[in-house]
Structure formats: structure tokens, C-alpha cells
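See structure below.
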Amino acid sequence: MAFRRDKKEDEDGGNPFQNLDKTAILQEARTFNDTPVNPRKCTHILTKILYLINQGEQLGSLEATDAFFAMTKLFQSKDIILRRMVYLGIKELSKVAEDVIIVTSSLTKDMTGKEDTYRAAAIRALCSITDATMLQAIERYMKQAIVDRNPSVSSAALVSSLHMSRNAGDLVKRWVSEVQEALNSDNVMVQYHALGLMYHIRKSDRLAVTKLVARLTRSSLKSPFAVCMLIRLACKLLEEEGDGSSDNSLFEFIESCMRHKSETVVYEAVHAIVNLRRTTARELTPAVSVLQLFCTSPKPALRFAAVRTLNKVAMTHPSAIIACNVDLENLISDTNRSIATLAITTLLKTGSETSVDRLMKQISSFVNEISDEFKIVVVQAIRDLCEKFPRKHTVLMNFLSGMLRDEGGLDYKAAIADTIITIIEGNPEAKETGLAHLCEFIEDCEHSSLAVRILHLLGREGPRSKQPSRYIRFIYNRVLLECTVVRAAAISALAQFGATCPELLPDILVLLGRCQTDSDDEVRDRATYYYCILTLQQPDLNTRFILEPVQISFANLEKALLDYIQESCFEPFELKKVPAPSVVPNTTTNTLAAPVGIQSEIIPAPVIREESFANRLSSSIPDLSEICGSLFKSSEPVDLTESETEYVVKCYKHCFSKHVVFEFECINTLNEQLLENVRVQLDLPDGYVVIKEISCPKLSYNVPGYVYLLLKFPEEVSDSVGNFGATLKFVVKDCDPITGIPDSDEGYKEDYMLEDIEVTLSDQIRKLNKVNFSAAWEEIDDEEEDTYALSSMSSLEEAVQNIISFLGMQPAERSDKVTQGKSSHTLLLAGTFRNHEDVLVRAKLALGDGVTMQLTVKSNDLTVSKLISSTIG
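Residue numbers (our numbering): 2 to 874.
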């Protein structure tokens with residue numbers, strides 16, 4: 002009966018080592034001292050010890066040492082299996098046990114003995130316990146093992162040498178001739194391991210690597226694994242050479258490997274060509290043809306590799322794989338669902354508009370059989386397809402709504418909802434249908450966080466729909482049926498309807514009045530808050546407190562309040578002057594944001610980059626906060642020199658409300674020079690004034706030093722954009738390259754010209770997220786308008802990206818996404834100028850011979866609007 006029970010446990014996949022006790026196993030290890038040795042019993046005990054170690058069990062130094070020395074007694078056994086287990090035990094216990102070097106002679110004897118069964122494992126064990134100081138003692142044996150006729154011994158020596166090169170690289174480099182001999186071996190694995198070790202020895206010498214690759218590409222390696230490694234080395238060299246390389250021999254070698262007899266090599270070559278940055282669409286054609294053949298292979302691994310690679314090609318060169326569409330459609334019915342999923346997502350990226358309906362039917366036949374992870378991939382592909390063919394939104398939306406009703410986790414449902422919203426915002430015709438699907442979904446939504454995000458969307462988009470009243474019922478149902486968090490979000494959404502739609506205001510007030518008796522404090526307070534504001538019926542209050550509430554980081558607010566309390570509190574505290582996060586949550590890319598009224602909770606609290614700059618400036622420039630106030634914005638570093646020059650200088654621009662700080666990071670790359678009194682002299686544009694200058698007293702070799710210049714902006718805002726000529730000035734002292742000590746106390750003055758520094762418009766504007774751009778736009782009356790010809794730009798996409806980069810503002814309402822095929826586009830941008838005034842920009846773009854732009858700028862400070870308008874002009 003006991004035998005049957007054990008057999009049943011094995012059939013059920015039971016783990017016989019599941020409940021091992023470390024103490025008990027170590028007690029059993031005393032069996033190793035028995036005479037004669039019981040090979041079967043000792044092998045079983047050793048297996049238990051190795052299992053415990055590999056499961057993460059920690060052995061103490063004393064425990065490991067005792068077990069190790071007991072295990073050395075097993076060398077007297079001639080049992081092959083036990084001896085192999087001993088080698089494994091030595092490798093594992095040598096990391097913890099002490100005095101493991103005692104087994105060196107036994108391992109050396111096995112390594113050089115006549116029993117080939119022991120030699121390879123003995124080499125691996127010996128190299129794991131040998132440190133750099135004792136490696137010379139076995140160097141002769143290692144050289145012999147590398148060129149041994151037994152492939153397993155040679156491979157073990159090569160791999161062990163690779164591991165030892167990390168600690169004794171100079172010694173292993175002396176074995177090049179033996180490694181070269183192994184590289185000529187006929188054995189597949191020996192040649193592969195020899196190439197790996199040869200590259201590791203020469204990798205720091207680029208010329209040597211180039212010669213190695215060039216020589217081997219002209220020969221014919223017999224190992225397909227070695228050829229695969231050679232292909233990767235050739236790709237590495239091609240990437241390092243860049244597009245300007247005139248030598249195409251490496252690329253020709255990779256192309257020739259697509260005709261290799263080994264399928265592994267063929268795929269490696271195809272994969273390399275697909276992933277090379279320099280590959281053109283024309284060079285992709287033969288690789289795609291090979292992948293097309295793999296799609297019809299009877300081997301699932303080849304089919305999967307082919308379709309996965311084609312999927313990647315579709316992201317960059319979708320037109321290159323159109324010829325494979327028929328083969329990909331055949332793979333949709335593949336028994337391997339991973340292959341089917343990749344095939345369908347590839348087709349969604351490359352298919353034509355006429356094939357959309359057929360593809361949707363084919364997807365529906367298997368989508369319920371795959372995991373959520375693969376379903377999300379399909380959903381993302383559908384999103385890309387809808388952006389490509391907006392007229393097919395009805396078919397795609399119906400399919401997505403059906404997926405919403407199916408079973409699935411939060412990530413899967415969020416991906417579907419996100420895709421529906423992307424379709425809504427990219428295609429106005431799909432708005433009503435998409436909102437209706439989302440309303441039906443939240444009726445049975447099991448995920449509170451997702452329901453909150455959809456309610457936020459309904460509050461933002463619903464009031465601007467054709468029939469806003471149709472959504473009130475769905476939102477108010479959430480107040481009656483859902484948990485506290487969802488009820489609070491529903492009230493915020495109702496308030497937005499009341500603030501935007503005057504005809505619905507009486508009904509909204511009635512609903513909010515009922516919510517004031519809710520059992521939860523947050524819900525009651527929120528209902529009362531919105532009720533009081535809406536009752537006043539003042540559009541400016543609605544915009545400030547409902548449609549566009551203040552978005553702020555609590556961490557920055559806390560710090561600003563502490564600074565305000567510590568200083569004199571005679572002036573009122575201004576919320577606008579609180580430093581905002583440098584990364585504002587973008588509702589254009591994450592449409593399912595948090596509900597209005599709690600935006601401050603989703604903004605990343607501490608912005609480490611801004612805080613680190615502020616702290617560094619405060620410690621380097623005395624009285625900075627008293628002179629300049631709080632930091633408004635810090636720019637990305639600008640290189641003022643080439644990276645290979647003797648002095649490397651970067652400039653950070655830190656903008657305050659009325660001042661700007663230039664922070665120069667300087668590095669001296671000459672080890673025979675010491676620089677002292679390092680400073681930067683600027684040629685100032687009109688209006689700028691230097692307030693304070695802090696030089697770097699000493700700039701040692703390869704140690705960054707910092708120079709600071711504090712300037713005041715011109716009184717006229719229009720003069721704030723300008724170029725600064727810059728010169729690095731310092732005193733040079735020759736010094737000892739090793740110690741860095743100057744040869745004498747006297748030095749000589751030197752000047753080093755730097756690139757010009759430009760204070761741009763984007764340096765003075767911080768991104769601002771406007772949830773309801775149209776309401777904010779209508780609130781400001783003053784505007785500047787002009788028309789510009791952007792003749793250097795050939796597409797609307799290029800114009801949009803350049804305008805955003807130039808102004809440094811935040812796109813609103815997904816206006817940074819340009820619909821393909823359209824000849825006009827409207828870009829909406831929002832930002833805050835350094836004087837803490839909001840700036841709104843509307844750019845109407847039209848595509849003709851170039852791009853024509855009608856720019857309208859609105860701000861409560863007309864001088865800021867004029868600055869933006871004139872700077873673009």
C-alpha cells in the first residue's frame with residue numbers, strides 16, 4: 002500500500018522534498034563519514050542539501066563547513082552519480098564554507114585523470130573555489146583542458162575561464178592561443194564557447210574585435226551557435242559605426258546567413274536585420290520573405306518566431322509585410338493561441354480598411370479563449386487600427402463594447418475603456434456612441450477605480466454632447482447604488498453638468514440637495530460645496546472651483562506654507578506661486594484620469610528633480626530665496642562643448658519670477674592640469690543685469706565643479722528672450738597626473754570659448770493641465786492673433802510637435818494627436834508664464850505648399866501674449 006501511495010503522489014506531481022527540515026538534513030549528512038560509503042543513500046542526502054540551497058535556504062558558515070568537510074569523504078567512492086553530486090555540492094557550499102581550498106588536490110587529480118566522466122565537472126568545481134592568487138597553480142592544466150580532445154572537457158574549461166576572467170582577466174588573456182585553437186574545433190559547443198571567450202578577452206579593444214569578426218566572417222564556422230554569436234557581434238559593430246559607415250561587408254555577411262542550412266542561424270540573421278537602426282525598407286524585403294516562409298512551417302517555434310518578428314516590423318514598416326497578410330490570416334486559426342494573437346494584432350496594424358469587418362469576425366471566434374494579457378494586446382491593436390481608419394469606428398466600437406461585457410480583470414477592462422475614449426476624442430462622430438457604451442458598462446462595473454475614472458470622463462464630455470440630459474440618470478444611479486468613492490465621483494460629475502448646462506441647473510441642484518443627507522462625510526461635504534457654488538450662478542466661480550480646480554502638489558504646498566510662516570506674513574499667501582510639479586498628468590494620453598475635484602491627489606507629490614535643484618541652488622547661492630523667491634522651472638542641461646573636448650561644460654537654466662540662474666557644470670578631462678578660479682563670462686543682451694557670480698575655486702581632473710551666475714530679467718517682458726555669448730575663464734596649473742599636486746604655485750590665465758546660451762520662451766513657461774480648455778478660453782477676453790507661414794515643415798504632425806517643443810506648453814483635449822489624411826488641425830495649449838499668469842494658445846494649422854498657422858494667444862497679461870506672438874514671428 003505504501004508503494005502504491007508513493008506512486009500516486011508521483012503521478013499527481015507531488016514534491017518529495019516539500020517539507021524538508023534543514024537541521025534534520027544536516028544531521029543526516031553525518032552518514033558521509035560511514036565506512037564503507039553507501040552511494041545511494043549519500044546521493045539522496047546530497048540531493049536534499051542542494052535542493053534546500055537552491056530554494057533559498059541560508060546555511061551558516063559553521064553548518065556549511067561541517068557539511069563540506071563531511072562531503073569530502075565521499076571522494077573515496079567510485080560511484081559516478083555520487084561523484085557528480087559531490088562536484089555540485091562543492092560548487093554550492095564553497096560560497097559559504099571556510100577552508101574549501103583543501104579539496105584542490107582532489108579536484109586537480111580528477112581534472113587531469115583518465116576518467117572523462119569526472120573531468121568536466123571537476124574543472125567547473127575547481128574553478129569555482131580557486132581565487133586569483135591560486136589560479137597560476139592550475140594555469141597549465143587549464144590550458145591543456147581548453148584544447149582537450151574531449152568536447153565536454155574543452156567546453157567546461159572555456160566556460161570556467163570566462164567566469165574566472167572577471168577576477169583574473171589579465172591571466173586569462175594569456176590563453177589566447179589555446180582559445181584560438183579551440184575556435185577551430187569541429188565540435189558545435191566548443192566552437193561556440195571559444196568564440197564567446199575570445200570576444201570577452203578582446204572586447205575592450207575595438208580594433209581587435211573588428212579584426213576577429215572580419216576574419217571569422219570570411220571563414221565558415223561549423224557551429225550554428227557560433228554563427229549566431231558572430232551575427233550579434235557584427236550587428237554591434239554596425240551600430241557603433243553608425244549610418245555613415247561605407248563598409249557593407251558586415252551587413253552582407255548577415256544577409257548571407259539568411260541562406261544558412263540551420264534554421265537557428267537563418268532566424269538570427271533575420272532578427273538582426275529587422276532590429277538594425279540602419280535597415281531600410283528595401284533591405285527588409287528579403288528578411289520578410291524568409292519570415293513568410295517560416296509562417297507556413299510545421300514547427301510551432303518557427304511560426305511563433307516569425308509572427309512575433311513580423312509584428313515588430315509592422316510598427317515601423319507596415320507596408321513591408323503586406324505580402325504576408327494571407328499567411329497571417331491562416332495563422333489566426335492556429336492551435337497555439339499565442340501565435341494566433343500575434344497574427345491578428347499584426348494584421349490589425351497592416352490590414353486595409355476593407356478587411357476590418359472580416360478581421361473583427363475572426364477575432365471574435367477565439368478572443369474568449371485567450372488570457373487577459375493577450376486580450377490587452379488585441380485591444381491596443383484595435384486602438385491603432387481605429388486611428389488609422391476612423392470611418393470604421395462603429396464596427397470597432399461594437400466589438401469593444403462586447404468585450405466590456407465579458408469576464409476580465411481590471412487591467413483588461415481599463416484597456417478597453419481607454420481605447421473607447423481614444424476613439425471618442427479622436428473622432429467626434431463616435432462620441433455619442435462611445436459615451437453610451439461606457440454608461441452601460443458602469444451599470445455593472447465591478448471595479449470602483451474604473452467606475453470613478455469613467456464618471457470623470459462623463460462629467461467632462463457629457464455636458465458638451467448633443468443631449469447632455471441623457472447621462473444624468475446613469476450618473477445619479479451611481480449615487481444611489483455604489484460605494485463611497487464612486488458616489489463622491491458621481492457628485493463631481495453632476496456638478497460639471499450644472500456648471501456647463503444652465504438648462505439642467507435646476508435639476509442638478511435638486512439632486513445635489515438630496516445628496517446632502519448622505520451617510521458619508523466626503524459625499525455630504527462635496528455635495529454641499531458644489532450646491533453652494535452653483536446656487537450663486539456666477540460663471541467665473543463655476544470655472545475656478547468646478548470646471549478648472551487648482552491642480553497642485555501637496556508636498557510643494559506644504560513646503561510653500563512652511564516658508565511663508567517662517568518669513569514675514571504681511572503679504573497675502575498666493576496659491577499661484579506654489580511650485581507646480583514639472584510633470585503634469587496628461588489627460589490627453591491617460592484619458593481615464595481622476596475625477597474633477599481631486600486632481601491634486603493624483604499629481605506626483607514630491608518632484609525629486611526640482612527639489613534637488615532648489616536645494617543645490619540654495620546651498621550654493623546665499624540669500625537666493627530672499628532675492629528670487631521660489632524656483633519656477635529648471636531646464637534640461639544644454640551642452641556648451643563637445644563631449645570629447647578637454648573641458649566639458651553643461652548649462653542648466655533655472656527660472657524664477659524675475660530672475661534666472663545659469664548653473665554651469667564643468668569637468669576637466671586633462672589629468673596633467675589643475676584649474677583654479679573657474680568662472681564664466683557672459684555677453685549680456687540688452688536689459689539683463691548680473692546680480693551675483695559664484696566661481697569654482699578648484700577644478701581637479703574628472704571631478705565636476707559648478708559655476709553660478711544670477712541674472713535679473715529685463716523689465717520689459719519682450720526683451721527676455723535672447724542669446725548670451727559665453728567664455729570659460731580660469732587659471733591653469735600644471736600638475737602631476739597621478740597625485741594631482743601642482744608643480745608650482747604659479748599658473749597662467751586661459752580662456753575657452755563656449756557655445757552661446759539662449760533663454761527661450763519654453764524656459765519661462767511651465768506646462769499647465771487644463772481639464773476644460775473651452776471654459777478657460779472663454780473666461781479671458783484679451784488676445785493676440787497673427788498668421789504665420791511654416792514653410793520648412795512638410796506635415797501637420799511635424800508642425801504640432803515643433804510648436805509644442807518651442808512653446809513648452811501642455812496640449813489640451815488630445816489636440817496633439819493629428820488625424821491621418823486631414824489637411825487642417827487645431828492645436829490647443831496651456832501653460833503658466835514665470836509671472837504666474839496662465840497662458841492659452843490656439844493654433845489653427847492648414848496644410849498646403851507648407852503649413853500655415855493662425856495663432857491666437859490669450860492671457861490676463863497682454864505683454865506675455867505679445868511676447869509669444871512676436872517670438873514665433
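Just so you know, even glycine gets a beta-carbon here, dropped at the ideal spot from N, CA and C.
Cβ contact annotation for Leu136 (same chain, cutoff 7 Å, sequence separation greater than five): Met165, Ala169, Leu172, in chain order. Per DSSP, Val275 is one residue of the alpha helix (DSSP H) stretching across 264–276. Across the structure, Ser824 and Thr336 are spaced so that their CA atoms are roughly 45 Å apart. By the criterion of at least three beta-carbon pairs nearer than 8 Å, the region 775–791 is not in contact with the region 676–686. Using a Cβ distance threshold of 8 Å, Met361 and Phe305 do not count as a contacting pair. Look at the beta carbons and you see the region 256–274 touching the region 220–229: at least three pairs across the two are nearer than 8 Å. Secondary structure of Thr501 (DSSP, three-state): helix. The DSSP-derived three-state label of Gly706 is strand. DSSP places Gly723 inside the beta strand (DSSP E), whose first and last residues are 723–735.
For Gly427, the enclosing alpha helix (DSSP H) starts and ends at 411–427. In this structure, Leu89 places its C-beta atom within 8 Å of the C-beta atom of Leu51.
For Gln855, the enclosing beta strand (DSSP E) begins and ends at 852–860. If you check the CB distance, Leu311 and Val357 do not come in under 8 Å.
Ala528 is positioned such that its CB atom lies closer than 8 Å to that of Cys516. When only Cα atoms are considered, Ser775 and Tyr413 end up about 32 Å apart. Rounded to the nearest whole angstrom, the C-alpha separation of Lys204 and Val210 is 6 Å.
In this structure, DSSP gives His394 a helical state, which the three-state scheme calls helix. Assignment of beta-bridge partners to Met754 by DSSP yields Thr728.
DSSP places Gly832 in the uninterrupted beta strand (DSSP E) bounded by 825–834. Assigned with DSSP and collapsed to three states, Tyr119 falls in helix.
Annotation: the continuous alpha helix (DSSP H) that includes Thr529 extends over 522–537. Spanning the alpha carbons of Lys79 and Arg120 requires a straight line of approximately 14 Å. For the options Val858, Arg835, Glu253, Thr36, the alpha carbon positioned closest to that of Cys629 is the one of Arg835. Apart from sequence neighbours up to five positions away, the residues of its chain that approach Asp684 with a beta-carbon distance below 7 Å are Phe725, Gly726, ordered along the chain.
Counting along the chain, Ala813 sits inside no beta strand (DSSP E), nor does DSSP assign it H or E at all. According to the DSSP assignment, Gln192 belongs to the alpha helix (DSSP H) that extends over 189–203. Excluding residues up to 5 positions away in sequence, Ala777, Ala813, Ala831 lie with their Cβ nearer than 6 Å to the Cβ of Lys771 in the same chain.
In the structure shown, the three-state DSSP call for Ala169 is coil. With contacts defined as CB atoms closer than 8 Å, Arg338 and Ile371 qualify as a contacting pair.
For Pro40, the enclosing alpha helix (DSSP H) covers residues 40–55. For Glu179, the closest of Leu343, Gly410, Met143 by C-alpha to C-alpha distance is Met143.
In the assembly as shown, Tyr749 is an exposed residue. Its beta-carbon has fewer than 16 other beta-carbons within 10 Å.
Taking the C-beta atoms as reference points, Leu506 is found no nearer than 8 Å to Ser470. Boundaries for Asp687: no beta strand (DSSP E) harbours it, and the DSSP string shows neither H nor E there.
Taking the CA atoms as reference points, Gln363 sits about 20 Å from Ile421. If you ignore the 5 residues before and after His826, its C-beta comes within less than 6 Å of the C-beta of Leu797, Val819, Leu846, all in its own chain and listed in chain order.
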